[in-house]
Amino acid sequence: MDRKIAIKVENLYKSFGKGESYISVIEGASFEVYKGELVALVAPSGAGKTTLLMMIGCVEDPTRGTIWLGDEKVYENRWLTRETRRIRREKIGFIFQAHYLIPFLNIIENVTLVPQVNGVPKEQSEKEAMELLEYFDIAEKAHSMPSELSGGQNQRAAIARALANNPEIILADEPTAALDLDRSFDVVKMLKKIATDQDVAVIMVTHDEAMLPLCDRILTIENKKVVSKESKEAKIL
Ligand SMILES: Nc1ncnc2c1ncn2[C@@H]1O[C@H](COP(=O)(O)OP(=O)(O)OP(=O)(O)O)[C@@H](O)[C@H]1O
Ligand SMILES: [Mg+2]
0 MDRKIAIKVE NLYKSFGKGE SYISVIEGAS FEVYKGELVA LVAPSGAGKT
50 TLLMMIGCVE DPTRGTIWLG DEKVYENRWL TRETRRIRRE KIGFIFQAHY
100 LIPFLNIIEN VTLVPQVNGV PKEQSEKEAM ELLEYFDIAE KAHSMPSELS
150 GGQNQRAAIA RALANNPEII LADEPTAALD LDRSFDVVKM LKKIATDQDV
200 AVIMVTHDEA MLPLCDRILT IENKKVVSKE SKEAKIL
């Protein structure tokens, strides 16, 4: 099968600090993630999972190496565009452990914020947001505030927001950490469905082994490099 690459990382390095506070986190990571894949990123605390997602998401500066997002080479020892923010807005949806919905905006305002910043007309962005909220079974909460929703509902709203922009890539950092098992399954199944139906590449950091069978593949960080495993090997991680 001819799979299309969504993310390609080559010989990526990342260190923090200088002198006594110097710490090397990633040393020569090379891997690819394909469109339509839900990939779990599993490694011990402090191994560099969040750091890796933030580099792919054009938030954290790598030390050196190369990053492609789709056909666009975005980093080669330096950012190749001054507009990393644009790349982030256009290509990437972020989901975090805490949902980070903006507390003083209601759900539909949260979901339509970035599309409107990107120039989508208000009416159109609201129509598309309602479709997403319906898909996630929280349409009746569109005009509620985040504080009025349950943890699972807020997390689904956060996923709707991440999707509102039709991103090519979704980077999810422990999206199920605050949820019970049933809700966690729901969220991961949704990520899987999005990957399959919309040909989106999803990288999901998780510490929850129960979620791994739903993933297509496991990436882990070993010896400061990224290693790919088939998901059937997941149990032994
Ligand atoms: N801004 C920073 N300055 C200095 N060190 C940092 C910074 N950000 C991360 N680190 C260090 O880089 C290493 C990797 O951190 P990172 O947050 O990526 O780990 P992680 O795999 O996401 O861990 P966890 O599972 O606990 O979230 C850690 O040793 C951390 O202390
Ligand atoms: Mg982390």
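Numbering that gives the first Met the number 0 numbers the first residue of the sequence shown as 0 and each following residue consecutively. Glycine included, every Cβ here is placed at the ideal spot set by N, Cα and C.
#### Entry: Within the region 40-95, ranges of the alpha helix (DSSP H) (whole runs, at least 4 residues)
Look at the region 40-95 and you find these whole runs of alpha helix (DSSP H), each 4 residues long or longer: 48-55, 83-90.
### Task
Give a single yes or no on whether residue 219 has its beta carbon closer than 7 Å to a heavy atom of ligand 2.
By one-based count along the sequence shown, residue 219 stands at place 220. Incorrect: residue 219 has no Cβ contact closer than 7 Å to ligand 2.
### Query
Among residues of its own chain, excluding the 5 on either side of residue 12, which ones have a beta-carbon nearer than 7 Å to its beta-carbon?
Counting from one through the sequence shown, the residue named residue 12 turns up at place 13. 25, 26, 27, 61, 62, 63, 64.
### Query
So, residue 163 versus residue 111, is the Cβ gap smaller than 8 Å?
Counted from its first residue, the sequence shown places residue 163 at position 164. Counted from its first residue, the sequence shown places residue 111 at position 112. Contact flag set, yes.
### Query
Does the region 219-231 come within contact of the region 183-200, defined as at least 3 CB pairs closer than 8 Å?
The region 219-231 vs the region 183-200: no contact.
### Query
If you drop the 5 nearest sequence neighbours on each side, which residues of the same chain put their C-beta closer than 7 Å to that of residue 46?
Position 47 of the sequence shown, counting from 1, holds the residue named residue 46. Listed in chain order, the non-local C-beta contacts of residue 46 below 7 Å within the same chain comprise 220, local neighbours out to five positions each way being set aside.
### Task
In angstroms with no decimal places, state the Cα-to-Cα distance between residue 121 and residue 76.
The sequence position of residue 121 within the sequence shown is 122, counting from 1. The sequence position of residue 76 within the sequence shown is 77, counting from 1. Cα to Cα, the separation comes out at about 39 Å.
### Task
Report yes if the CB atom of residue 52 is closer than 8 Å to the CB atom of residue 202, and no otherwise.
For the purposes of this step, residue 52 is taken as residue 53 along the sequence shown, with counting starting at 1. For the purposes of this step, residue 202 is taken as residue 203 along the sequence shown, with counting starting at 1. Going by C-beta atoms, residue 52 is nearer than 8 Å to residue 202.
### Message
Please enumerate, following chain order, all residues with a beta carbon closer than 5 Å to at least one heavy atom belonging to ligand 1.
### Response
Qualifying residues come out as 15, 24, 44, 45, 46, 47, 48, 49, 50.
### Message
Report the CB separation of residue 30 from residue 218 in whole angstroms; it is logged as a contact under 8 Å.
### Response
Within the sequence shown, residue 30 is the residue found at index 31, counting from 1. Within the sequence shown, residue 218 is the residue found at index 219, counting from 1. Taking the Cβ atoms as the reference, residue 30 lies roughly 6 Å from residue 218, within the contact range of under 8 Å.
### Task
Would you please state the rounded distance, in angstroms, between the beta carbons of residue 199 and residue 172? I believe it to be under 8 Å.
Counted from its first residue, the sequence shown places residue 199 at position 200. Counted from its first residue, the sequence shown places residue 172 at position 173. With a contact defined as Cβ atoms closer than 8 Å, residue 199 and residue 172 miss out at about 16 Å.
### Task
Within 10 angstroms of the Cβ of residue 71, are there 16 or more other Cβ atoms? Answer buried if so, exposed if not.
By one-based count along the sequence shown, residue 71 stands at place 72. By the 10 Å Cβ count, residue 71 comes out exposed.
### Query
Quick one: what does DSSP say residue 27 is sitting in, helix, strand or coil?
Counting from one through the sequence shown, the residue named residue 27 turns up at place 28. In the structure shown, residue 27 sits in a strand (DSSP, three-state: E or B).
### Query
Does the beta-carbon of residue 43 have 16 or more other beta-carbons within 10 angstroms, so that it is buried, or is it exposed?
For the purposes of this step, residue 43 is identified with residue 44 of the sequence shown, where counting begins at 1. Residue 43 is exposed by the Cβ-count criterion.
### Query
Roughly how many angstroms lie between the CA atoms of residue 123 and residue 175, to the nearest whole one?
Walking along the sequence shown from the start, residue 123 turns up at place 124. Walking along the sequence shown from the start, residue 175 turns up at place 176. Each residue's Cα considered, the two are about 30 Å apart.
### Task
Rounded to whole angstroms, what's the CA-CA distance from residue 184 to residue 18? Just pull it up for me.
Working through the sequence shown from its first residue, we reach residue 184 at position 185. Working through the sequence shown from its first residue, we reach residue 18 at position 19. In this structure, the straight-line span from the alpha carbon of residue 184 to that of residue 18 is close to 44 Å.
#### Entry: Between the CA atoms of residue 153 and residue 98 - distance to the nearest angstrom
As a working mapping, residue 98 is identified with position 99 in the sequence shown. As a working mapping, residue 153 is identified with position 154 in the sequence shown. Using only the alpha carbons, I get a separation of about 6 Å.
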